[in-house]
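In what follows, a single structure is set out as structure tokens and then discussed.
Numbering (my numbering), first residue to last: 2 to 280.
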């Protein structure tokens with residue numbers, strides 16, 4: 002049986018406007034650094050950059066790896082950091098998160114861990130691709146069942162599937178070891194539904210905007226930069242990019258199309274330690 006969804010009303014024909022942030026890797030201490038980048042400061046810079054645009058978003062999606070050290074305070078720090086935006090925030094776990102600690106401490110009047118969001122004529126499904134104790138992901142049958150049931154219950158809604166792990170390879174040898182291990186099967190199965198209009202994830206610390214050739218047309222595939230360090234694309238070994246932290250804006254149009262763009266913090270304030278060999 003489907004669990005209750007969080008619902009938002011829109012004017013007829015109005016687009017659903019979303020912000021995606023991902024992979025902040027926060028610590029209990031606001032002084033915590035990941036490979037030379039203070040992750041609390043880089044998240045704040047992303048949020049301030051977003052706030053300065055005055056984008057009239059309806060809600061935020063936080064797609065995992067909220068924490069780097071699994072502590073209650075790291076999750077509380079996230080909730081405190083986003084509070085000034087006044088946006089509802091819907092989250093899902095990443096491989097660096099502890100789901101139990103996360104659910105206990107990602108708490109607030111506008112913070113939600115439910116897997117289903119209904120907004121206008123869109124159905125957003127927040128899927129759990131994590132495998133406990135492993136950096137890579139897997140889409141389990143319970144998640145496929147959620148997709149099946151949600152589409153059966155709302156066949157006239159467009160559907161956006163959101164998760165942490167990448168279902169496609171990144172042509173990046175070290176990172177592709179940690180992808181969704183059944184990503185090809187996932188894409189075949191979900192693309193069979195004409196209601197599925199887009200797939201969105203984090204994890205890869207870089208921007209992706211590609212399409213999957215489905216029987217029902219071109220299915221957008223989207224990944225978003227981290228709010229802290231960035232991974233160098235198409236690198237056979239672990240390497241960090243010079244690009245700044247970022248976020249993604251999405252407009253889900255009532256006709257089922259998606260307008261989206263990635264934005265980054267201006268300047269070059271956040272420079273990682275390029276001599277690092279892993280994270």
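Ideal placement from N, C-alpha and C gives every residue a C-beta, glycine not left out.
Helix, strand or coil at residue i according to DSSP, with G and I counted as helix
i: residue 241; result: strand
i: residue 211; result: strand
i: residue 176; result: helix
i: residue 218; result: strand
i: residue 78; result: helix
i: residue 191; result: helix
i: residue 18; result: strand
Nearest residue (CA-CA) to residue i, options the options
i: residue 200; options: 233, 207, 128; result: 128
i: residue 20; options: 42, 61, 43; result: 61
i: residue 23; options: 100, 246, 220; result: 246
i: residue 132; options: 115, 99, 227; result: 99
i: residue 121; options: 186, 70, 2, 14; result: 14
i: residue 242; options: 269, 263, 261, 219; result: 269
i: residue 272; options: 234, 189, 10, 39; result: 39
i: residue 178; options: 70, 52, 237; result: 237
i: residue 7; options: 125, 213, 214, 182; result: 125
Buried or exposed (CB count within 10 angstroms, at least 16 for buried), residue i
i: residue 225; result: buried
i: residue 4; result: exposed
i: residue 170; result: exposed
i: residue 157; result: exposed
i: residue 186; result: exposed
i: residue 134; result: exposed
i: residue 57; result: exposed
i: residue 41; result: buried
i: residue 235; result: exposed
Beta carbon proximity, residue i to chain B, threshold 9 Å
i: residue 24; result: In the structure shown, chain B cannot be found, because there is only a single protein chain.
Assumed close pair residue i, residue j - CB separation to whole angstroms, cut-off 8 Å
i: residue 166; j: residue 204; result: 5 Å
i: residue 95; j: residue 70; result: Actually they do not touch by this definition, with Cβ atoms about 13 Å apart.
task = Kindly confirm or deny that the segment 48-61 and the segment 84-93 touch, where touching means at least three C-beta pairs closer than 8 Å.
result = yes
message = Whether or not the segment 103-123 and the segment 213-224 are in contact is what I'm after, with contact meaning three or more pairs of Cβ atoms, one per stretch, closer than 8 Å; do they touch?
response = no
message = Quick check: the segment 246-259 against the segment 225-234, are at least 3 beta-carbon pairs closer than 8 Å?
response = yes
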